[in-house]
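Throughout the sequence shown, residue numbering follows our numbering, covering 625 to 719 in sequence. The beta carbon of each residue, even a glycine, is placed where N, CA and C say it ideally should be.
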Amino acid sequence: MARSTAYGMQEAVRLIGGWHSGVPRPHLVIVRDAPLPLPRAAVYRMRAIRPRVLGIAQVPYLVGLREVDSPTEALDHRAVRKAARKLRRQLGLPE
625 MARSTAYGMQ EAVRLIGGWH SGVPRPHLVI VRDAPLPLPR AAVYRMRAIR
675 PRVLGIAQVP YLVGLREVDS PTEALDHRAV RKAARKLRRQ LGLPE
């Protein structure tokens, strides 16, 4: 999981770049930190790392997550439930 900032993607590239070839490739989940377009550096790094991961999933910026104290409470928000379903599908997990 990485934040959608230039630094967050830099760290994802660093971590995945050092991924041992004997270990299955990971999925990369990018969590949007603002309701804005991704920084150019983050977009470039996301494209560069794509061949090294099984897939890239993006979690949209969800203002409801800023207002809760627990994951269970977050699921009271419709947008959070929708994003969770989409993420599970993208990762090939059961709903």
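Please list, in chain order, all residues of the same chain as residue i whose beta carbon is under 7 angstroms from its beta carbon, the five residues on each side excluded.
i           : result
residue 663 : 629, 630
residue 657 : 627, 628, 629, 685
residue 704 : 686, 688, 689, 698
For residue i, name the three-state secondary structure that DSSP assigns.
i           : result
residue 627 : strand
residue 652 : strand
residue 683 : strand
residue 719 : coil
residue 698 : helix
residue 658 : coil
Sorted by chain position, which residues of the same chain lie with C-beta nearer than 6 angstroms to residue i's C-beta, five sequence neighbours on each side aside?
i           : result
residue 706 : none
Return the chain-ordered list of same chain residues with a C-beta closer than 8 angstroms to the C-beta of residue i, the five sequence neighbours on each side being excluded.
i           : result
residue 650 : 640, 643, 677, 678
If I'm right that residue i touches residue j with Cβ under 8 angstroms, what's the distance once you round it to whole angstroms?
i           : j           : result
residue 687 : residue 655 : No, residue 687 and residue 655 are not in contact; Cβ-Cβ is about 13 angstroms, not under 8 angstroms.
residue 666 : residue 633 : 4 angstroms
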